[in-house]
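Novice: Please find one structure pasted underneath; my questions will follow.
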Amino acid sequence: MKVRFGIIGLGNIAARFAKVLNMAQGVELNSVAALDMGRAERFKESFGAKKAYDKYIDLIKDGEVDVIYIAQTHNFHFDMVKLCLNNNKPVICEKPLVTNKKDAEELVKLARENNVLLMEAMWSRCIPTTQKVKQWVKEGKIGEVKLINASFAFNFPFDPEHRLYNPKLAGGSLYDVGVYPIEFATGILEEKPTVVNSVGTISKSGVDDFVVMNMKFNSGALASLSCGFTADTNRDAHIYGSDGQIVVYDFLGPRRCELYDRQNNLIEVFEESFEDGFIYQINHFVELYMNNKIESDIIPLQDTIDCAEIFDTVLSQCGVK
9 MKVRFGIIGL
19 GNIAARFAKV
29 LNMAQGVELN
39 SVAALDMGRA
49 ERFKESFGAK
59 KAYDKYIDLI
69 KDGEVDVIYI
79 AQTHNFHFDM
89 VKLCLNNNKP
99 VICEKPLVTN
109 KKDAEELVKL
119 ARENNVLLME
129 AMWSRCIPTT
139 QKVKQWVKEG
149 KIGEVKLINA
159 SFAFNFPFDP
169 EHRLYNPKLA
179 GGSLYDVGVY
189 PIEFATGILE
199 EKPTVVNSVG
209 TISKSGVDDF
219 VVMNMKFNSG
229 ALASLSCGFT
239 ADTNRDAHIY
249 GSDGQIVVYD
259 FLGPRRCELY
269 DRQNNLIEVF
279 EESFEDGFIY
289 QINHFVELYM
299 NNKIESDIIP
309 LQDTIDCAEI
319 FDTVLSQCGV
329 K
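Taken in order, the sequence shown gives residues 9 to 329; the numbers are from this note's numbering.
Okay, structure coming up:
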């Protein structure tokens with residue numbers, strides 16, 4: 009029996025998800041929903057869904073939809089996830105799940121009370137290369153972690169109406185791309201920072217367009233992370249330890265990582281090729297659902313809460329209102 013997906017919000021990220029979903033085993037794209045029926049019908053035809061809706065609640069209440077993927081802009085996540093959970097529908101929601109700690113805690117509490125699966129779609133954590141890096145760290149291959157460097161930024165022209173720059177759509181670089189280096193670091197270290205110091209620049213529309221974050225963790229590790237929309241940065245992450253270092257090439261969706269000793273000798277290489285890294289999060293979510301789990305061990309809900317708390321701290325320090 010196939011796991012039947014419904015998709016809410018039919019933009020570019022939903023199209024990518026649907027394309028990969030159609031490549032996965034044991035699943036089907038059952039229903040899609042957008043406020044514009046024409047858009048929903050076009051999406052349905054493009055990706056072979058069985059049904060199209062112009063009311064989200066109709067998809068949520070459809071008994072032939074087992075699980076729901078939410079791909080709306082950030083500002084809609086909280087209400088839509090809450091609606092799904094109140095109707096006992098398992099949810100995988102695009103990152104970030106929500107934009108503040110209060111909302112994150114409320115949704116996690118609701119999911120646990122209703123015994124319903126909830127997962128933030130932090131797809132990069134599910135990729136085998138990321139899992140190998142975490143394994144190397146846990147096995148002490150580089151000794152104690154001292155510093156993590158990671159950045160995700162690209163140069164996107166300012167447009168106050170675009171979702172990246174529009175405060176009404178919860179725009180800003182921290183929400184859109186900063187979530188990646190933050191959850192990379194917290195995922196590798198398996199702890200949240202105890203100290204966060206940030207500086208950033210603010211766009212004319214009032215959202216952050218570049219942010220630099222320095223963090224300290226209880227383990228003694230430090231992290232230097234950045235994100236933005238006004239320059240292109242190198243996406244190779246570096247993890248420095250007391251006995252060596254790890255290089256993660258394009259940490260967003262890594263296909264290769266390298267382990268070095270203190271003398272900078274290459275000790276081990278891990279490589280994994282794939283067409284689209286979304287396949288791993290889809291497979292992971294489906295496995296959780298099939299095994300009646302309500303939480304991911306790769307993307308724990310506490311990590312989602314911690315990331316939202318970091319959002320609160322960073323934006324306050326950067327002066328975003």
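Ideal placement from N, C-alpha and C gives every residue a C-beta, glycine not left out.
State the CB to CB distance for the pair L8 and S227, rounded to an integer number of angstroms; the pair is presumed to be in contact (CB under 8 angstroms).
Specialist: It is not possible to answer for residue 8, since the shown part of the chain is limited to 9 through 329.
Novice: In angstroms with no decimal places, state the Cα-to-Cα distance between S213 and I307.
Specialist: Counting from 1 along the sequence shown, the entry for residue 213 is found at position 205. Counting from 1 along the sequence shown, the entry for residue 307 is found at position 299. Between S213 and I307, the C-alpha separation is close to 32 angstroms.
Novice: Report back the beta-carbon spacing between A158 and A193 to the nearest angstrom; my notes put them in contact at under 8 angstroms.
Specialist: Locating residue 158 in the sequence shown gives position 150, where the first residue counts as 1. Locating residue 193 in the sequence shown gives position 185, where the first residue counts as 1. That pair is a contact at about 7 angstroms.
Novice: Would you kindly check if the distance between the Cβ of V141 and the Cβ of Y318 is under 7 angstroms?
Specialist: What you label residue 318 is simply residue 310 of the sequence shown in a count that begins at 1. What you label residue 141 is simply residue 133 of the sequence shown in a count that begins at 1. Checking the sequence shown, residue 318 turns out to be Ile, not Tyr. The answer is no: Cβ separation not under 7 angstroms.
Novice: Going by beta carbon distance, what residues of the same chain come within less than 6 angstroms of L126, once the five residues before and after it are set aside?
Specialist: Position 118 of the sequence shown, counted from the first residue, corresponds to residue 126. V99 and A119, listed in sequence order.
Novice: Leaving out five residues on either side along the sequence, give the residues of the same chain with a beta carbon under 6 angstroms from the beta carbon of R264.
Specialist: Your numbering for residue 264 matches position 256 in the sequence shown. Taken in chain order, the residues that qualify are Y257 and E279.
Novice: So, helix, strand or coil for R50, using DSSP?
Specialist: As a working note, residue 50 is residue 42 in the sequence shown. R50 falls in the helix class under three-state DSSP.
Novice: Which residues does DSSP list as the beta-bridge partners of V255?
Specialist: As a working mapping, residue 255 is identified with position 247 in the sequence shown. DSSP, once it has assigned bridges, lists H246 and E266 as partnering V255.
Novice: Beta-carbon separation of H82 and A178 under 7 angstroms?
Specialist: Position 74 of the sequence shown, counting from 1, holds the residue named residue 82. Position 170 of the sequence shown, counting from 1, holds the residue named residue 178. Going by C-beta atoms, H82 is nearer than 7 angstroms to A178.
Novice: Measuring alpha carbon to alpha carbon, tell me which residue in I78, H85 and L37 is nearest V11.
Specialist: As a working mapping, residue 11 is identified with position 3 in the sequence shown. The option with the nearest alpha carbon to V11 is L37.
Novice: Start and end of the beta strand (DSSP E) containing L274?
Specialist: As a first step, residue 274 is located in the sequence shown; it is residue number 266 there, counting from the start. Note, L274: beta strand (DSSP E), L274 to E279.
Novice: Can you tell me the Cβ-Cβ gap for A161 and A239, rounded? I've got them flagged as a contact below 8 angstroms.
Specialist: As a working mapping, residue 161 is identified with position 153 in the sequence shown. As a working mapping, residue 239 is identified with position 231 in the sequence shown. Indeed, because the Cβ distance is near 6 angstroms, the residues count as touching under 8 angstroms.
Novice: I need the boundaries of the alpha helix (DSSP H) containing R24, first residue and last residue.
Specialist: To locate residue 24, count along the sequence shown from 1; it is residue 16. Unbroken alpha helix (DSSP H) run through R24: N20 to L29.
Novice: Going by other Cβ atoms of all chains shown within 10 Å of its Cβ, with 16 needed for buried, is S211 buried or exposed?
Specialist: For the purposes of this step, residue 211 is taken as residue 203 along the sequence shown, with counting starting at 1. It is buried - the Cβ of S211 has at least 16 other Cβ atoms within 10 Å.
Novice: The beta strand (DSSP E) spanning A60 covers which residue range?
Specialist: Your numbering for residue 60 matches position 52 in the sequence shown. Start and end: K59 to Y61.
Novice: Sorted by chain position, which residues of the same chain lie with C-beta nearer than 7 angstroms to N123's C-beta, five sequence neighbours on each side aside?
Specialist: Within the sequence shown, residue 123 is the residue found at index 115, counting from 1. These residues qualify, in order along the chain: I302.
Novice: Below 7 angstroms CB to CB, which residues in the same chain sit around N95 once its five sequence neighbours on both sides are set aside?
Specialist: Counting from one through the sequence shown, the residue named residue 95 turns up at place 87. Closer than 7 angstroms at the Cβ level, and outside the excluded window around N95, lie I68 and K69.
Novice: For F13, which residues does DSSP report across the bridge?
Specialist: Reading the sequence shown from its first residue, position 5 is the one you call residue 13. Paired residues: L37 and V75.
Novice: Can you tell me where the alpha helix (DSSP H) holding Y319 begins and where it ends?
Specialist: Here the question's residue 319 lines up with position 311 in the sequence shown. Reading off the sequence, residue 319 comes out as Phe, not Tyr. Segment L309 to C326, the alpha helix (DSSP H) holding F319.
Novice: Report yes or no: do three or more beta-carbon pairs, one from the segment 166-178 and one from the segment 143-153, lie closer than 8 angstroms?
Specialist: With the cut-off at 8 angstroms, the segment 166-178 and the segment 143-153 do not touch.
Novice: Measuring only the C-alpha atoms, how far is D251 from N273?
Specialist: If you number the sequence shown from 1, residue 251 lands on position 243. If you number the sequence shown from 1, residue 273 lands on position 265. Near 11 angstroms, if we compare the C-alpha coordinates of N273 and D251.
Novice: Please determine, among D216, A245 and W144, the residue with the shortest C-alpha to C-alpha distance to E191.
Specialist: Here residue 191 refers to the residue found at position 183 of the sequence shown. Answer by Cα proximity: A245.
Novice: Could you tell me the alpha carbon to alpha carbon distance between L43 and D62, rounded to whole angstroms?
Specialist: Numbered from 1 along the sequence shown, position 35 holds the residue referred to as residue 43. Numbered from 1 along the sequence shown, position 54 holds the residue referred to as residue 62. Cα to Cα, the separation comes out at about 5 angstroms.
Novice: CB F55 to CB A22, shorter than 7 angstroms?
Specialist: Along the sequence shown, one-based indexing puts residue 55 at 47. Along the sequence shown, one-based indexing puts residue 22 at 14. No, the pair does not count as a contact, with Cβ atoms beyond the cut-off.
Novice: Alpha carbon to alpha carbon, what distance is there between I15 and D66?
Specialist: Reading the sequence shown from its first residue, position 58 is the one you call residue 66. Reading the sequence shown from its first residue, position 7 is the one you call residue 15. D66 and I15: Cα-Cα distance of roughly 12 angstroms.
Novice: Give the list of continuous alpha helix (DSSP H) stretches no shorter than 4 residues that lie fully inside the segment 82-157.
Specialist: DSSP runs (the alpha helix (DSSP H)) wholly in the segment 82-157: 82-94, 109-122 and 136-146.
Novice: Which residue wins for smallest C-alpha separation from K103, given the options M298, S206 and L260?
Specialist: Residue 103 sits at position 95 when you count from the first residue of the sequence shown. Closest option to K103, Cα to Cα, is L260.
Novice: Work out the CA separation of D184 and A112 for me, nearest whole Å.
Specialist: If you number the sequence shown from 1, residue 112 lands on position 104. If you number the sequence shown from 1, residue 184 lands on position 176. Rounded to the nearest angstrom, the two C-alpha atoms are 16 angstroms apart.
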